[in-house]
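Report on the following structure.
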Amino acid sequence: MTVNTPSHNEDIELPLLDARLFLSGTQDERKEFAQAFTNSLLEHGFARVINHGLDETTVGELFDWSRKFFQLPDKVKQKIEHKPGPNPQRGWSAVGSESTAKLFGRLNGNPDGRKISETDAKEHFDQGPLDDLAFPNRWPSEDALPGFRPFLEHFYTRSHEISMHLLTALEEGLDLPAGAFTDRCKSTADELRLNHYPELQIPSDKAQTGANRVWLHTDLGIITCLFQDNIGGLEMEDRRSQAAAKQRFQPIPPGARRDEMVVNISETMERWTNGVLKAGKHLVMTPKREDVTTGNVTIPERFSIPYFVKASRETSVGPLPYFVSDNAPPVYPDMTALEFHAQRVAKAY
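39 is the number of the first residue of the sequence shown in my numbering; add one for each residue after it.
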């Protein structure tokens with residue numbers, strides 16, 4: 039499998055991949071997309087995809103619903119507040135509820151992960167499967183936000199369908215049997231999240247370099263499918279800098295189209311592939327403002343919408359047999375997806 043690597047001094051520009059080739063193209067076009075998608079994820083841990091099945095109008099409507107939800111009074115959102123802990127998140131989490139710096143202490147220069155107090159500068163709403171009896175969804179009342187629940191439930195269902203197409207493309211790109219990944223997602227445990235990063239006031243020196251809104255981390259699921267607004271701030275690790283003295287990051291700027299999806303590899307996929315596909319490290323910074331030198335700077339609010347694709351809860355997240363051999367013994371312990379999720383999320387609070 040050939041991967042073209044740019045020189046270390048060049049900025050990385052992720053290729054923009056057209057999923058229509060895979061969904062309705064010829065066999066050659068289907069193969070072309072699968073290989074390009076796989077190559078981008080192998081090399082960077084990230085890919086950019088358009089024409090995946092959620093159009094600009096639908097994605098735009100979801101951002102409108104997100105804005106309406108976060109504009110609700112706190113006393114309304116508090117009625118569906120998520121209680122911090124290891125269970126899957128449901129409902130509203132206030133600004134500062136989550137700390138990716140703590141969850142991923144080793145990535146942020148703190149090996150024990152216990153001394154970091156920085157929390158993420160965002161609030162969020164989380165939704166799980168529509169029929170989840172173990173961890174029920176928590177919705178605002180229809181009186182408080184009419185139409186919110188049915189729209190999000192429809193978006194969730196479509197997102198799951200689309201994510202299965204993307205996992206199928208990855209199976210084909212890796213020359214795996216059909217269902218190698220998708221069969222492990224039949225009992226849906228995915229999560230749809232609405233993120234809101236409130237407006238910030240920061241000193242000019244911080245504005246020039248950028249300040250953390252979400253700390254360096256990797257996601258826990260299989261893949262994440264993300265939509266972002268036009269504010270910017272998402273950055274991925276430049277993997278060419280891993281051997282260098284200083285870690286380097288590259289912006290993933292907002293796309294020209296509102297329906298441009300950013301896909302990244304998450305920890306479960308890294309475990310399944312025994313490290314062949316490595317989870318994409320990323321963070322969210324404030325946009326850099328080199329035009330200011332004194333005083334405080336107002337950083338506009340930001341919205342993003344990730345769809346976390348997750349394995350069925352009782353499915354093993356140990357390495358799959360396709361990636362294990364005498365020369366490549368398993369490097370991750372066997373456990374269920376729910377056990378893994380609880381173990382990791384418990385550290386974030």
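Ideal Cβ placement from N, Cα and C applies to all residues, glycine included.
If you reduce the DSSP assignment to three classes, tell me which class Ser201 lands in. Position 163 of the sequence shown, counted from the start, is the residue given in the question as residue 201. Helix at Ser201.
Rounded straight-line distance, which links the Cα of Asp364 to that of Asn268: Residue 268 sits at position 230 when you count from the first residue of the sequence shown. Residue 364 sits at position 326 when you count from the first residue of the sequence shown. When rounded, the distance between both Cα atoms is 48 Å.
Between Thr256, Gly356, His90 and Gly333, which lies nearest to Phe60 when the distance is taken from Cα to Cα? As a working note, residue 60 is residue 22 in the sequence shown. Looking only at Thr256, Gly356, His90 and Gly333, the smallest Cα-Cα distance to Phe60 is reached by His90.
By the three-class DSSP mapping on this structure, what secondary structure does Ile337 have? Here the question's residue 337 lines up with position 299 in the sequence shown. Strand, per DSSP.
Per the contact definition of three or more C-beta pairs closer than 8 Å, is the region 250-270 in contact with the region 335-345? Enough Cβ pairs lie closer than 8 Å, so yes.
So, with DSSP's three-state summary, where would you put Asp164? Position 126 of the sequence shown holds residue 164. Reduced to three states, the DSSP call for Asp164 is strand.
State the DSSP-derived secondary structure class of Trp310, mapped to helix, strand or coil. Sequence index remark: in the sequence shown, residue 310 carries index 272 (1-based). Residue state, collapsed to three classes: helix.
Mapping DSSP to helix, strand and coil, what is Leu61? If you number the sequence shown from 1, residue 61 lands on position 23. The three-state reading of DSSP puts Leu61 in helix, counting H, G and I together.
For Phe346, name the three-state secondary structure that DSSP assigns. The residue you call residue 346 lines up with position 308 of the sequence shown. DSSP places Phe346 in strand when its eight states are reduced to three.
Euclidean distance between Cα positions of Glu180 and Pro188: As a position in the sequence shown, residue 180 is number 142, starting the count at 1. As a position in the sequence shown, residue 188 is number 150, starting the count at 1. Using only the alpha carbons, I get a separation of about 10 Å.
Comparing C-alpha positions only, which one of Val300, Leu358, Ile118 and Ile303 sits nearest to Leu183? Sequence index remark: in the sequence shown, residue 183 carries index 145 (1-based). Nearest of Val300, Leu358, Ile118 and Ile303 to Leu183, Cα basis: Ile118.
C-alpha gap between Gly166 and Gln127, whole angstroms: Counting from 1 along the sequence shown, the entry for residue 166 is found at position 128. Counting from 1 along the sequence shown, the entry for residue 127 is found at position 89. Each residue's Cα considered, the two are about 8 Å apart.
Keeping to the same chain, check which residues put their C-beta closer than 7 Å to that of Asp297; ignore five residues upstream and five downstream. Within the sequence shown, the letter at position 259 stands for residue 297. Same-chain partners within the cutoff: Ile88, Leu92, Asp93, Glu94 and Val97.
Sequence-distant residues of the same chain with beta carbon closer than 6 Å to Gln285, five excluded per side: Mapped onto the sequence shown, residue 285 falls at position 247. Within the same chain, Gln285 has close Cβ partners Ser279.
Would you mind stating whether Val355 and Ala380 have Cβ atoms separated by less than 7 Å? As a working mapping, residue 355 is identified with position 317 in the sequence shown. As a working mapping, residue 380 is identified with position 342 in the sequence shown. Taking 7 Å as the cut-off, the Cβ atoms of Val355 and Ala380 do not count as close.
Range of the contiguous beta strand (DSSP E) that encloses Asp56: Numbered from 1 along the sequence shown, position 18 holds the residue referred to as residue 56. Its beta strand (DSSP E) spans residues Leu54 to Asp56.
Counting C-beta neighbours from all protein chains within 10 Å, is the total for Ser62 16 or more, i.e. buried, or is it exposed? The count along the sequence shown starts at 1 and reaches residue 62 at position 24. Ser62 is exposed by the Cβ-count criterion.
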